[in-house]
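> Residue numbers (the working numbering): 8 to 308. Mind having a look at this structure? Questions to follow.
See below:
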């Protein structure tokens, strides 16, 4: 019987596993090596690791957790989780069976991309979704915000103006901006184009121009795209965990979900992308809570 299983080998899951290992708890981390940031070449704002490739950061994290003899890592997908009387039973894609007292869902989110021809050629190279992650590398360039989301289009354009004063907001054929928002953009030198995009054009991951269905083209060097987000794993809902209004797994702030013994951490709990260092911090906190709960359950009063 394991003390805990961690599903997800990103910064949240690995940080939690590190805490479990240092407490001498028997834990297994499962990971299918399919993170959201797989297309990203550099990760930023992680103190002492600014600019590191995401896969390198992950390998360093694996080395850290595997220093502890009670922790192991399995590079395979968990297919099923079943609630038993006092524990959980997990079945992997290889048919392996595991039993555990606790389960941490650090399964993250997955992107739902807008239907824009050519977007896949540039996303992660010159088009991104987070200004705080990649704004510095795009500073002072001719940028675009591609968004058909009425909440995100204005906020992304406003935030991106911190790094560049040459910005065009494209709503891809959708009327998502209010007249007041358009006036605000105009006051700040930000152009709005509401025509539908035909294709993004460039070479080797570098955006060069945007063609609209009218045939008009504009030159752009990079920018931001609004992507939809959804849970990368169905386990929270299939187990009956209460979800928050924004689609994240609802917790008590310390990682406990509505199902006793099931914990959640990282992006999956907030349903918005966060930076790696934030996810790592969350994982550390929830790992400590799992250990604390295990101690409470075994300590004789």
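We put the beta carbon where it would ideally sit given N, CA and C, even for glycine. Being a predicted model, the structure only gives us computed values, none of them experimental.
Starting from residue 86, trace the beta strand (DSSP E) both ways and give me its first and last residue.
On the chain shown, residue 86 is found 79 positions in, with the first residue counted as 1. Where residue 86 is concerned, the enclosing beta strand (DSSP E) stretches over 85-90.
> Taking the alpha carbon of residue 18 as the reference point, which residue from 131, 61, 239, 153 has its own alpha carbon closest?
In the chain shown, counting from the first residue as 1, residue 18 sits at position 11. Nearest option by C-alpha distance: 61.
> Output the distance between the C-alpha atoms of residue 150 and residue 132, rounded to the nearest integer angstrom.
The residue given as residue 150 occupies position 143 in the chain shown. The residue given as residue 132 occupies position 125 in the chain shown. Going from the Cα of residue 150 to the Cα of residue 132 covers about 13 Å.
> Just to confirm before moving on: does the CB-CB distance between residue 12 and residue 107 stay below 8 Å?
As a working note, residue 12 is residue 5 in the chain shown. As a working note, residue 107 is residue 100 in the chain shown. It is a contact, given that the beta carbons lie within the stated cut-off.
> Could you check whether the stretch 29-40 touches the stretch 137-147, counting it as contact only if at least three pairs of C-beta atoms, one from each stretch, sit closer than 8 Å?
At 8 Å Cβ cutoff, the stretches do not touch.
> Return the Cβ separation of residue 160 and residue 233 in integer angstroms, given the expectation that the two are a contact with Cβ distance under 8 Å.
Translated into the one-based positions of the chain shown, residue 160 becomes position 153. Translated into the one-based positions of the chain shown, residue 233 becomes position 226. Confirmed, Cβ separation roughly 7 Å.
> Can you check which of these residues, 152, 101, 188, is closest to residue 172 by C-alpha distance?
Position 165 of the chain shown, counted from the start, is the residue given in the question as residue 172. Measuring from the Cα of residue 172, the nearest candidate turns out to be 152.
> Which value, in whole angstroms, describes the spacing of the CA atoms of residue 250 and residue 271?
If you number the chain shown from 1, residue 250 lands on position 243. If you number the chain shown from 1, residue 271 lands on position 264. Between residue 250 and residue 271, the C-alpha separation is close to 11 Å.
> Within the chosen definition, does the stretch 200-211 reach the stretch 115-127 through at least 3 CB pairs nearer than 8 Å?
In short, these stretches touch, since the Cβ pair count reaches three.
> Does the ligand FAD have a heavy atom nearer than 7 Å to the CB of residue 276?
With respect to the ligand FAD, the structure offers nothing, as it holds no ligand at all.
> DSSP three-state label for residue 10, please.
Here residue 10 is taken as the residue at index 3 of the chain shown, counted from 1. Residue state, collapsed to three classes: strand.
> Report the CB separation of residue 74 from residue 16 in whole angstroms; it is logged as a contact under 8 Å.
Position 67 of the chain shown, counting from 1, holds the residue named residue 74. Position 9 of the chain shown, counting from 1, holds the residue named residue 16. Contact doesn't hold; Cβ gap of about 16 Å is too wide.
> Give the straight-line distance between the Cα atoms of residue 306 and residue 300, rounded to the nearest whole angstrom.
Numbered from 1 along the chain shown, position 299 holds the residue referred to as residue 306. Numbered from 1 along the chain shown, position 293 holds the residue referred to as residue 300. Approximately 10 Å, taken between the alpha carbons.
> Can you look up residue 177 in the DSSP assignment and give me helix, strand or coil?
Translated into the one-based positions of the chain shown, residue 177 becomes position 170. Residue 177: strand per DSSP, three-state reduction.
> Report the rounded CA-to-CA distance for residue 89 versus residue 57, giving the unit in angstroms.
Locating residue 89 in the chain shown gives position 82, counting from the first residue. Locating residue 57 in the chain shown gives position 50, counting from the first residue. Whole-angstrom Cα-Cα distance: 40 Å.
> Rounded to the nearest angstrom, what separates residue 228 and residue 148 at their Cα positions?
Position 221 of the chain shown, counted from the start, is the residue given in the question as residue 228. Position 141 of the chain shown, counted from the start, is the residue given in the question as residue 148. Their backbone Cα atoms lie some 6 Å apart in a straight line.
> Which term fits residue 41, buried or exposed, when burial requires 16 or more other beta carbons within 10 angstroms of its beta carbon?
Counted from its first residue, the chain shown places residue 41 at position 34. Exposed, since its Cβ has fewer than 16 Cβ neighbours within 10 Å.
> Buried or exposed: where does residue 72 fall if 16 or more other Cβ atoms within 10 Å of its Cβ makes it buried?
Taking the chain shown and counting its residues from 1, one reaches residue 72 at position 65. Residue 72 is buried by the Cβ-count criterion.
> Distance check for residue 87 and residue 98, CA to CA, integer angstroms please.
As a position in the chain shown, residue 98 is number 91, starting the count at 1. As a position in the chain shown, residue 87 is number 80, starting the count at 1. Looking at the two C-alpha atoms, the distance is approximately 5 Å.
> In three-state terms, what does DSSP make of residue 218?
To locate residue 218, count along the chain shown from 1; it is residue 211. Three-state result, residue 218: strand.
> Given this structure, state the Cα-to-Cα distance separating residue 247 from residue 265, to the nearest angstrom.
Translated into the one-based positions of the chain shown, residue 247 becomes position 240. Translated into the one-based positions of the chain shown, residue 265 becomes position 258. Cα to Cα, residue 247 sits roughly 8 Å from residue 265.
> For the beta strand (DSSP E) that contains residue 39, what are its first and last residues?
As a first step, residue 39 is located in the chain shown; it is residue number 32 there, counting from the start. That residue, residue 39, is in no beta strand (DSSP E); it is neither H nor E in DSSP.
> Can you tell me where the alpha helix (DSSP H) holding residue 69 begins and where it ends?
The count along the chain shown starts at 1 and reaches residue 69 at position 62. It spans 61-72 - the alpha helix (DSSP H) in which residue 69 sits, taken as one unbroken run.
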